[in-house]
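Peer 1: Here it is, the structure, as structure tokens.
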Amino acid sequence: MFRTLLGCLLLTALIAPPAFAAHPEDTRLNALLVLVRLRQEGAQNRVREDYRKVEELFARGDTLARANRTDEADGIFVRMAETGERLLRQLIASSPSTTEPAAPMVTAAVEQTSDASADEDDDHPQSDWLVGGESIYVVEKSETLRSVGAKVGVNWLQLAHLNGLDPQVHLKPGQEIRFNNLRIIPKQVASGIVVNIPDRTLYYFRNGRLERTIPVAVGRPKGRDGEPVWQTPVGRFKVVGKAKNPVWRVPPSIQAEMAEERKKVVDLVPSGQKNPLGKYAIYTSLSGILLHSTNLPASIYGYSSHGCIRIAPSEMEAFFRQVRVNTPGEIIYKPVKLAVTDEGRVYIEVHRDVYEKVKDLRKEVHRLVARNGVENRVDWGKVTRVLKTKSGVAEDVSL
């Protein structure tokens, strides 16, 4: 109890509430502290629906405060704190040892899976499309292996290995970097967006053809406490809105993280260079999930976001113009993909199972090989090597 009180006192000294006109700071601060304690007890994973309702109350209070409806905001923050404290008592009284960590909630209409092998779409034949391939990138001024990898969709350490480079040595303008980003398209749609989390790639289809492939950044596998709170959720969605120079309304969960990390807590970030959404944002029907540009382009092709899909500024402007409201989309999770070419060659692409959704990658390969009826065409020695390296590149494993 003493440690809890001490933590609250420290946070009280560190948190800077937003400058709402005539806003009673103490009620909002108290509500935020309750939110922090709920996160520390793992409420976002143990009792997701109840925690979501508490977050919604906090967000409603902030909305009222921004509209200078301070009395109503005060009442909402008091109500949220009381609700959160009741939930906190329940969590403390129960043992968390048997609680399974879970991915963030998505809207009720969106399908979710906890295991990629159980995805109903896996019953359909895999795409036999191969995109990308071996090529050369010419380095521009101030670029690094990491920024080059973010542009071409290849791990920067693989770039260093393929080109015999010391990762610590600076690149020179005009230097040629060889890369291989041969990839299997995980799913075909007539028109729409497909994002495969393990290969950190967005596939955009229009009028029955693949229009663009874009390297992206997705949600972090685990938070500081080891919980999967920032994982990008799987599910179908629609584009519900677009914004140029967007304002970022900071979700309550991220405000709570700011408080936990003893950073200044803000509820709104105006458009500009410091805005994490960058210059363009595409809003989806998935709760809290955006496709947006970024002010950290080197983070692309990584697991670095709070769940949103980040797109490099160099790609986002054209993509923003192409995508229309009501465009359908789907976020999927397939660390293992297989394709058979017209010539009968078998390609397999394996990525790390970062979200730990597939229990056995080798078993998944066997399942895909059997489903495509190519058991007698596969060199299992090559498959073993592909499974070991998990290069994220489509590789020929044919006999």
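Counting with mature numbering (1 follows the signal peptide of the UniProt record, and there is no 0), you get residues -21 to -1, 1 to 378 for the letters of the sequence shown.
Just so it is clear, CB atoms sit at the ideal spot from N, CA and C, and this is done for glycine as well.
Bear in mind that the values here come from a model prediction, so they are computed numbers and not experimental data.
Closest to residue 302 by CA distance: which of 183, 5, 333 is it?
Peer 2: Here residue 302 refers to the residue found at position 323 when the sequence shown is read from its first residue. Among 183, 5, 333, the Cα nearest to that of residue 302 is on 183.
Peer 1: Between the C-alpha atoms of residue 336 and residue 36, what's the straight-line distance to the nearest angstrom?
Peer 2: For this step, residue 336 is matched to residue 357 along the sequence shown. For this step, residue 36 is matched to residue 57 along the sequence shown. Near 32 angstroms, if we compare the C-alpha coordinates of residue 36 and residue 336.
Peer 1: Can you look up residue 383 in the DSSP assignment and give me helix, strand or coil?
Peer 2: What the structure shows of the chain is the stretch from -21 to 378, and residue 383 is not part of that stretch, so it cannot be assessed.
Peer 1: If I follow the unbroken beta strand (DSSP E) through residue 288, where does it start and stop?
Peer 2: Walking along the sequence shown from the start, residue 288 turns up at place 309. Looking at the DSSP string, the run of the beta strand (DSSP E) that includes residue 288 is 288 to 290.
Peer 1: Whose C-alpha, out of 241, 173, 240, is nearest the C-alpha of residue 213?
Peer 2: For the purposes of this step, residue 213 is taken as residue 234 along the sequence shown, with counting starting at 1. Answer by Cα proximity: 173.
Peer 1: Which same chain residues end up closer than 7 angstroms to residue 341 when comparing Cβ atoms and leaving out the 5 residues on each side of it in sequence?
Peer 2: Along the sequence shown, read from residue 1 onward, the residue named residue 341 stands at position 362. Answer for residue 341: 366, listed in chain order.
Peer 1: Hey, quick one: how far does the beta strand (DSSP E) through residue 198 stretch, first residue to last?
Peer 2: By 1-based counting over the sequence shown, the position of residue 198 is 219. Start and end: 188 to 198.
Peer 1: For residue 220 versus residue 259, is the C-beta spacing smaller than 8 angstroms?
Peer 2: The count along the sequence shown starts at 1 and reaches residue 220 at position 241. The count along the sequence shown starts at 1 and reaches residue 259 at position 280. No, these two residues do not count as a Cβ contact at 8 angstroms.
Peer 1: From residue 244 to residue 63, what distance separates their C-alpha atoms?
Peer 2: What you label residue 244 is simply residue 265 of the sequence shown in a count that begins at 1. What you label residue 63 is simply residue 84 of the sequence shown in a count that begins at 1. Approximately 19 angstroms between the Cα atoms of the pair.
Peer 1: Which residues share a DSSP beta bridge with residue 222?
Peer 2: For the purposes of this step, residue 222 is taken as the residue at position 243 of the sequence shown. The partner list for residue 222 (beta bridge, DSSP) reads 260.
Peer 1: Under 6 angstroms Cβ to Cβ from residue 170, same chain only, skipping five residues before and after it: list those, please.
Peer 2: The residue labelled residue 170 in the question sits at position 191 within the sequence shown. Around residue 170: 184, 185.
Peer 1: Between the segment 144 to 154 and the segment 300 to 317, are three or more C-beta pairs nearer than 8 angstroms?
Peer 2: Judged by Cβ distances under 8 angstroms, the segment 144 to 154 makes no contact with the segment 300 to 317, as fewer than three pairs qualify.
Peer 1: Is the beta carbon of residue 59 closer than 8 angstroms to that of residue 26?
Peer 2: Your numbering for residue 26 matches position 47 in the sequence shown. Your numbering for residue 59 matches position 80 in the sequence shown. No, the Cβ-Cβ distance between residue 26 and residue 59 is not below 8 angstroms.
Peer 1: Counting along the chain, where does the beta strand (DSSP E) carrying residue 364 start and finish?
Peer 2: Counting from 1 along the sequence shown, the entry for residue 364 is found at position 385. Residue 364 -> not in any beta strand (DSSP E); alpha helix (DSSP H) instead, spanning 359 to 368.
Peer 1: Is DSSP giving residue 325 helix, strand or coil here?
Peer 2: Start at 1 with the first residue of the sequence shown, and residue 325 comes out as number 346. Strand, per DSSP.
Peer 1: Among 246, 233, 268, 236, which has the Cα closest to the Cα of residue 217?
Peer 2: By one-based count along the sequence shown, residue 217 stands at place 238. Residue 268 is the option with its Cα nearest to residue 217.
Peer 1: Does residue 264 pass the burial test, meaning 16 or more other C-beta atoms within 10 Å, or should it be called exposed?
Peer 2: Residue mapping note: residue 264 aligns to position 285 of the sequence shown, counting from 1. Classification of residue 264: buried, given that the 10 Å Cβ count is 16 or more.
Peer 1: Would you check if there are 3 or more beta carbon pairs closer than 8 angstroms linking the segment 186 to 195 to the segment 282 to 302?
Peer 2: Contact holds: three or more Cβ-Cβ distances are below 8 angstroms.
Peer 1: Buried or exposed, going by whether 16 or more other CB atoms sit within 10 Å of the CB of residue 246?
Peer 2: Taking the first residue of the sequence shown as position 1, residue 246 is located at position 267. Under this definition residue 246 is a buried residue.
Peer 1: Could you check if residue 47 is buried or exposed, using at least 16 other CB atoms within 10 Å of its CB as the buried criterion?
Peer 2: Residue mapping note: residue 47 aligns to position 68 of the sequence shown, counting from 1. By the 10 Å Cβ count, residue 47 comes out exposed.
Peer 1: For residue 119, which of 369, 156, 13, 377 has the nearest alpha-carbon?
Peer 2: By one-based count along the sequence shown, residue 119 stands at place 140. Nearest C-alpha to residue 119: 156.
Peer 1: For residue 148, is the classification buried or exposed, using 16 other Cβ atoms within 10 angstroms of its Cβ as the cut-off for buried?
Peer 2: On the sequence shown, position 169 is the one that residue 148 refers to. Answer is exposed; the Cβ neighbour count stays below 16.
Peer 1: Below 8 angstroms on the Cβ atoms is my contact criterion, and I expect residue 326 with residue 109 to pass it. Report the Cβ-Cβ distance as a whole number of Å.
Peer 2: Position 347 of the sequence shown, counted from the first residue, corresponds to residue 326. Position 130 of the sequence shown, counted from the first residue, corresponds to residue 109. Contact flag correct, Cβ pair sits at about 7 angstroms.
Peer 1: Compare the Cα-Cα distances from residue 320 to each of 356, 15, 339, 344 and report the closest residue.
Peer 2: For this step, residue 320 is matched to residue 341 along the sequence shown. Comparing Cα-Cα distances from residue 320 to each of 356, 15, 339, 344, the minimum goes to 356.
Peer 1: Under 8 angstroms, do residue 126 and residue 277 count as touching if we go by C-beta distance?
Peer 2: Numbered from 1 along the sequence shown, position 147 holds the residue referred to as residue 126. Numbered from 1 along the sequence shown, position 298 holds the residue referred to as residue 277. In contact: residue 126 and residue 277 (Cβ atoms closer than 8 angstroms).
Peer 1: Residue 168 lies in the beta strand (DSSP E); which residues open and close that run?
Peer 2: Within the sequence shown, the letter at position 189 stands for residue 168. From DSSP, residue 168 is part of no beta strand (DSSP E); its letter is neither H nor E.
Peer 1: Count the other CB atoms, across all protein chains shown, that sit within 10 Å of the CB of residue 271; report buried if there are 16 or more and exposed otherwise.
Peer 2: Stepping through the sequence shown from its first residue, residue 271 is reached at position 292. Label assigned to residue 271: buried.
Peer 1: Mapping the DSSP letters down to three states, classify residue 374 as helix, strand or coil.
Peer 2: As a working mapping, residue 374 is identified with position 395 in the sequence shown. Correct three-state label for residue 374: strand.
Peer 1: Could you give the residue range of the beta strand (DSSP E) that holds residue 354?
Peer 2: In the sequence shown, counting from the first residue as 1, residue 354 sits at position 375. It is not in any beta strand (DSSP E) - residue 354 carries neither H nor E in the DSSP assignment.
Peer 1: Is the separation between the beta-carbon of residue 210 and that of residue 334 shorter than 8 angstroms?
Peer 2: What you label residue 210 is simply residue 231 of the sequence shown in a count that begins at 1. What you label residue 334 is simply residue 355 of the sequence shown in a count that begins at 1. For residue 210 and residue 334, yes; Cβs fall inside 8 angstroms.
Peer 1: Return helix, strand or coil for residue 135, following the three-state DSSP convention.
Peer 2: Taking the first residue of the sequence shown as 1, we reach residue 135 at position 156. Three-state result, residue 135: helix.
Peer 1: Measuring only the C-alpha atoms, how far is residue 44 from residue 52?
Peer 2: The sequence position of residue 44 within the sequence shown is 65, counting from 1. The sequence position of residue 52 within the sequence shown is 73, counting from 1. Distance between the alpha carbons of residue 44 and residue 52 is about 5 angstroms.
Peer 1: Taking the beta carbon of residue 15 as the centre, do at least 16 other beta carbons fall within 10 Å, making it buried, or is it exposed?
Peer 2: As a first step, residue 15 is located in the sequence shown; it is residue number 36 there, counting from the start. So residue 15 counts as buried.
Peer 1: Can you list, in chain order, the residues of its chain whose CB lies under 6 angstroms from that of residue 300, leaving out five sequence neighbours each side?
Peer 2: Reading the sequence shown from its first residue, position 321 is the one you call residue 300. Within the same chain, residue 300 has no close Cβ partners at all.
Peer 1: Would you kindly check if the distance between the Cβ of residue 226 and the Cβ of residue 249 is under 8 angstroms?
Peer 2: The residue given as residue 249 occupies position 270 in the sequence shown. The residue given as residue 226 occupies position 247 in the sequence shown. Yes, the pair counts as a contact, with Cβ atoms nearer than the cut-off.
Peer 1: Between residue 55 and the rest of its own chain, which residues show a CB-CB distance below 7 angstroms, the 5 nearest in sequence each way excluded?
Peer 2: By one-based count along the sequence shown, residue 55 stands at place 76. Answer for residue 55: 36, 39, 40, 43, listed in chain order.
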